[in-house]
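Student: Take any residue in the sequence shown, count from 1 to its spot, add 1352: that is its number in this note's numbering. Glycine included, C-beta positions come from ideal geometry on N, C-alpha and C. All values derive from a computational prediction rather than experimental measurement. Below you will find the structure I want to go over with you.
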Amino acid sequence: MADTDNGGGPHDGSGEPEREGADMDRAPDRPGSRTHPEGQPERGATPEPDRDRAGASPGDEPADGGPESGDSRPGGPPPGAEEDARDAKGPEQRPGQDATAPGRGPGTGNEPPPAAGPRPPGPEAGSSQRPTPLATDRARRNGPFGGGILMGRPFGVPVYVAPSWFLVAALITWVFGGQLDRVLPELGALRYLIALFFAVAFYASVLVHELAHTVVALRFKLPVRRIQLQFFGGVSEIEKEAENPGREFWLAFVGPLLSLVLAALFYGGMQVVRPGTVPGVLLAGLMVSNLIVAAFNLLPGLPLDGGRMLRALVWKLSGRPMTGTVFAAWTGRALAVAVLIGLPLATYAGGFTQQSIGGVDSLMDALLAAILAAIIWTGAGNSLRMARLREHLPDLRARALTRRAVPVTADTPLSEALRRANEAGARALVVVDALGAPLSLVREAAIAGVPEHRRPWVAVSTLAQELKEGMRVPAELAGEELLEYLRATPATEYLVVEETGEIYGVLATGDVERAFVAAMAKPSA
């Protein structure tokens, strides 16, 4: 699941004015001298005189509890303000989307306020989010079918059948049914029911192949998200890399090994049934198909099992997993070209197309070769990109991506909260109780939905999302540990806290995903 200065941490709290139009998304220059989100400077920093924890002067607070800086509530909110507050809260923003508030980000507090009133903390207007691994992973898991039809949970791992499997099952049924018609013509239409049974049995053997990977992964304490049976076989989604090349090798080899074991069992079954019968034809077909699965997966190129075995060997010799990945990925791409050109030539030279009618079999061979080559080429490229991402993941740190936050009470008007954020150079709002304990986070999307002229009558509590379990992120989390923490509780914003429980700031999903993009673009060492 990056090294980036995007988003950055909070500012240093030195009170020095920034340049006009300065980028508020950059990381802090001196994190050690930063002002804490609640407005109190760290030990050793000079506190701003006569300022309370929210960054406002005690004298600024009116006696009636109304908003500061001259804001007032003349006889209550204007018509429709409460409805606007409810509308602004709106539906939950989807993970991976970063709401954009109008106008540029907040200043340091030394710049004159904009004529139109305080601007909400947030990224520059017009910014956009591209799909990234964190977002697409959540979308895939939370989709209407969760990756397909759930068939069960062996060893606690969900097994899904993708919709594309039914297309392949129909194709296998049609092809194998034609072979049965030549061997056992007396079956008639019953041959297609038997061929469907063969298709299901073949994919059951593919599932055994994937379960072998899963069992070994769990034995090595590597989490497995799911198994999916799809268009061309199956895939086990193992969330972490093996710790050493030896484990990587065995994790890859065990799949083809089980396919060879199944082929041997089906061959043994052939010895106890009469050839030329339905059981004999089924066992022979399953034996051959498992031999093909084993042989294909042993080809030395990513993303196949043989490619992962090759990666483990190069990793062992070079001492660098990235070197093994690059070598195995480019071997996989060379293999894709070889399949694209060699498979049609091999079938034609072997005389497999002598019975073709109008070149249909030759066309099918070329189409099959093109599909296989595309799968191998794409898989090799994906393996290379993910390896590059994993290489930079240790540099993806929660502390570096955290936005400065300003604590406000639940009844604080939105306009006043944004004024305090502008003064503090903050880009997030945290709702706290009377003792300063955090209760909820004010969502960027909700802020952007409130018209500026109605913000004095909208309390921040109406725009806040309650802090649920898992939304408090330790500031020291980094790399895959950080990504796993965020995956466990999908949200648009998280509260970042120190070990003591003190508020450090707010981590936005959009900032993390931009860090992903930066990591993908960064060249490898």
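1) Comparing alpha-carbon positions, which option in E1743, A1688 and R1740 lies nearest A1721?
2) Alpha carbon to alpha carbon, what distance is there between I1727 and A1321?
3) Count the CB pairs spanning the stretch 1600-1614 and the stretch 1548-1555 that are closer than 8 angstroms, and state whether there are at least three.
4) Thinking just about the alpha-carbon of each residue, which of D1785, V1783 and V1758 is nearest to the one in E1775?
5) So, for A1733: in the same chain, excluding its five sequence neighbours on each side, which residues have a beta-carbon less than 8 angstroms away from its beta-carbon?
6) For A1773 and V1576, I'd like the C-alpha separation in whole angstroms.
7) Go to G1304, then tell me how far its alpha helix (DSSP H) extends in each direction, as first and last residue.
8) Just the C-alpha distance for Y1619 and Q1580, rounded to the nearest angstrom, thanks.
9) Go to S1792, then tell me how far its alpha helix (DSSP H) extends in each direction, as first and last residue.
10) For the stretch 1664-1681 against the stretch 1629-1645, do three or more pairs of beta-carbon atoms, one drawn from each stretch, fall closer than 8 angstroms, so that the two count as touching?
11) Touching or not, the stretch 1505-1514 and the stretch 1522-1540, by the rule of three or more beta carbon pairs under 8 angstroms?
12) Please name the residue, chosen from L1748, D1785, A1780 and D1747, that lies closest to A1762 on a Cα-to-Cα basis.
13) For E1589, count the other beta carbons within 10 Å of its own beta carbon; 16 or more makes it buried, fewer makes it exposed. Which is it?
14) Please list the segments of the alpha helix (DSSP H) lying wholly inside the stretch 1841-1876, counting only runs of 4 or more residues, in order along the chain.
15) If you reduce the DSSP assignment to three classes, tell me which class V1606 lands in.
16) Which residue comes first and which comes last in the beta strand (DSSP E) that contains L1329?
17) Suppose the cutoff is 8 angstroms on Cβ atoms and the five residues either side in sequence are ignored; what does the same chain contact list for A1884 look like?
18) Start and end of the beta strand (DSSP E) containing A1816?
19) State whether the stretch 1797-1811 contacts the stretch 1728-1747, with contact taken as three or more CB pairs (one from each stretch) at a distance under 8 angstroms.
20) Give the DSSP-derived three-state secondary structure of M1674 in the structure shown.
21) How would you label W1526, buried or exposed, when you count the other beta carbons within 10 angstroms and need 16 or more for buried?
22) Do you know whose CA, among E1836, A1780 and E1768, lies nearest W1809's CA?
23) Take the Cβ of R1756 as the centre, count every other Cβ of all protein chains shown within 10 Å, and call the residue buried at 16 or more, exposed below.
24) Report the CB separation of F1507 from V1567 in whole angstroms; it is logged as a contact under 8 angstroms.
25) Can you tell which of G1540, E1595, L1819 and G1530 has the C-alpha that lies nearest to the C-alpha of R1795?
26) Does the distance from the CB of L1697 to the CB of A1725 come in under 8 angstroms?
Tutor: Taking the definition as stated:
1) A1721 has its Cα closest to that of A1688, out of E1743, A1688 and R1740.
2) The question about residue 1321 has no answer here: the residues shown for the chain are numbered 1353 through 1877.
3) Touching, no.
4) With distances taken between Cα atoms, E1775 lies closest to V1758.
5) For the sequence presented, residue 1733 should be read as Gly rather than Ala. For G1733, where only same-chain residues beyond five positions count, the Cβ hits under 8 angstroms are A1681 and R1685.
6) Near 43 angstroms, if we compare the C-alpha coordinates of V1576 and A1773.
7) What is shown of the chain runs 1353 to 1877, which leaves residue 1304 out entirely.
8) The alpha-carbon atoms of Y1619 and Q1580 are separated by roughly 27 angstroms.
9) For S1792, there is no enclosing alpha helix (DSSP H); the enclosing beta strand (DSSP E) has its first and last residue at P1790 to V1794.
10) The answer is no - the stretch 1629-1645 does not touch the stretch 1664-1681, with fewer than three Cβ pairs under 8 angstroms.
11) Because the criterion of three Cβ pairs below 8 angstroms is not met, the stretch 1505-1514 and the stretch 1522-1540 do not touch.
12) Taking each of L1748, D1785, A1780 and D1747 in turn and checking the Cα distance to A1762, the smallest one comes out for D1785.
13) The residue is buried, with at least 16 neighbouring Cβ atoms inside 10 Å.
14) Within the stretch 1841-1876, complete alpha helix (DSSP H) segments of at least 4 residues are found at 1861-1873, given in chain order.
15) V1606 carries a helical assignment under DSSP once its states are collapsed to helix, strand and coil.
16) Since the first residue of the chain shown is 1353 and the last is 1877, residue 1329 is not available in this structure.
17) There is no way to answer for residue 1884, as the model of the chain reaches only from 1353 to 1877.
18) Boundaries of the beta strand (DSSP E) around A1816: A1816 to E1818.
19) Contact between the stretch 1797-1811 and the stretch 1728-1747 is absent, because fewer than three Cβ pairs lie under 8 angstroms.
20) If DSSP states are grouped into helix, strand and coil, M1674 belongs with the helices.
21) Counting the other CB atoms within 10 Å of its CB gives W1526 a total below 16, which places it among the exposed residues.
22) Closest option to W1809, Cα to Cα, is E1768.
23) Under this definition R1756 is a buried residue.
24) The pair is a contact, with the Cβ atoms about 6 angstroms apart (cut-off 8 angstroms).
25) From the listed residues G1540, E1595, L1819 and G1530, the smallest Cα separation to R1795 is found for L1819.
26) The Cβ-Cβ distance between L1697 and A1725 does not fall below 8 angstroms.
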